[in-house]
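Residue numbers (UniProt numbering): 1 to 288. Backbone N, C-alpha and C fix where the C-beta goes; we use that ideal spot for every residue, glycine too. Keep in mind the model is a prediction, meaning the values are calculated, not measured.
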């Protein structure tokens, strides 16, 4: 199993310094997420040959490895011009990932929940174009349901991954999305969701969150009333309401052996301390 860090809280550091920082904390793997100088959100990658070489050199110098590369593009957008642009961005990042010697990418379904059928159709068009490239480069793909995607709930998300029908396309369970993934009005049955993914579960994102559906009904007050905004946090373990005993014990029962990524975003003022804590806790829970 690989324990990785999403270095989002270190995204303003130069690439070489970012890699050195996570190495000094003790991480052996990085999940490279969007950063403006390399792979921006929803825009064409900025990484040229020199910048790709710089990242590769930093990884070799520190011994840190890329566990995965996580681009975010509108590849399921119902706007066809946007979708075609996203596919172009994906093609470049697949190329960059291959150049870096990484064999794993992951991303979100994206699209629009209020236009779910159109978005799913766009998703399949993008899959038709991109799956041959993943296969040619020997790069696997993990997909997650994200709040505000066209597919936001665990069970249909797993079913959608299975429908792709490729052994190298698998599912990512994101713990800070737990209360969205459940599709329920109150709690969340984490063991049932993980077990439903079964052998397709090859990646987990680990951070805590509060239950925005708590029974009081006023856990959060949003304006204007009825806004469709999706709420969640990416906190240190035990700062929210995810049932971590259920989460980790189920992964152990399932003999989980994939990628476990610490993805806390909330504490940039104490990023090193938070990252150390997460590495220690995940190691103790999953490497018993």
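- In the three-state scheme derived from DSSP, where H, G and I count as helix and E and B as strand, residue 202 is classed as strand.
- The Cβ atoms of residue 72 and residue 65 do not sit closer than 9 Å to each other.
- Restricting attention to 67, 124, 138, 145, the CA atom closest to the CA of residue 113 is found in 145.
- By the criterion of a C-beta distance shorter than 8 Å, residue 153 is surrounded in its chain by 145, 180, 181, 182, 183, once the five residues flanking it on both sides are discounted.
- Inclusion of residue 33 and residue 149 in the CB contact set at 9 Å is not warranted, their separation being larger than that value.
- Judged by their CB atoms, residue 18 and residue 10 are nearer to each other than the 9 Å cut-off.
- A residue is called buried once 16 or more other Cβ atoms fall within 10 Å of its Cβ, and residue 70 is buried on that count.
- With respect to residue 83, residue 125 sits close: the two C-beta atoms are nearer than 9 Å.
- Taking one beta carbon from each stretch, the region 224–243 and the region 206–214 have 3 or more pairs nearer than 8 Å; the two touch.
- Each of 90, 147, 57, 4 was checked against the Cα of residue 39, and the nearest Cα belongs to 90.
- Given a length threshold of 3 residues, each whole run of the beta strand (DSSP E) inside the region 53–124 is given here in chain order: 65–69, 104–108.
- The region 138–173 contains, as complete beta strand (DSSP E) runs of 3+ residues, the segments 140–144 (chain order).
- When the beta-carbon positions are compared, residue 203 and residue 173 come within less than 9 Å of each other.
- The beta carbon of residue 8 is closer than 7 Å to those of 33, 265 in its chain, skipping five residues each way along the sequence.
- Excluding its 5 nearest sequence neighbours in each direction, residue 276 has C-beta neighbours in its own chain below 6 Å: 25, listed in chain order.
- For residue 1, the three-state secondary structure derived from DSSP is coil.
- The C-beta distance from residue 175 to residue 247 rounds to 6 Å, short enough to meet the 8 Å contact threshold.
- Between residue 55 and residue 107, the CB-CB gap reaches or exceeds 9 Å.
- Annotation: residue 259 is outside any alpha helix (DSSP H); the continuous beta strand (DSSP E) that includes it extends over 259–262.
- When only Cα atoms are considered, residue 147 and residue 3 end up about 24 Å apart.
- Taking 9 Å as the cut-off, the Cβ atoms of residue 254 and residue 198 count as close.
- Measuring C-alpha to C-alpha distances from residue 102 to each of 134, 242, 117 identifies 134 as the nearest.
- Relative to residue 249, the option among 225, 190, 274, 222 whose CA is nearest is 190.
- Within the model, the alpha-carbon separation for residue 222 versus residue 229 is close to 8 Å.
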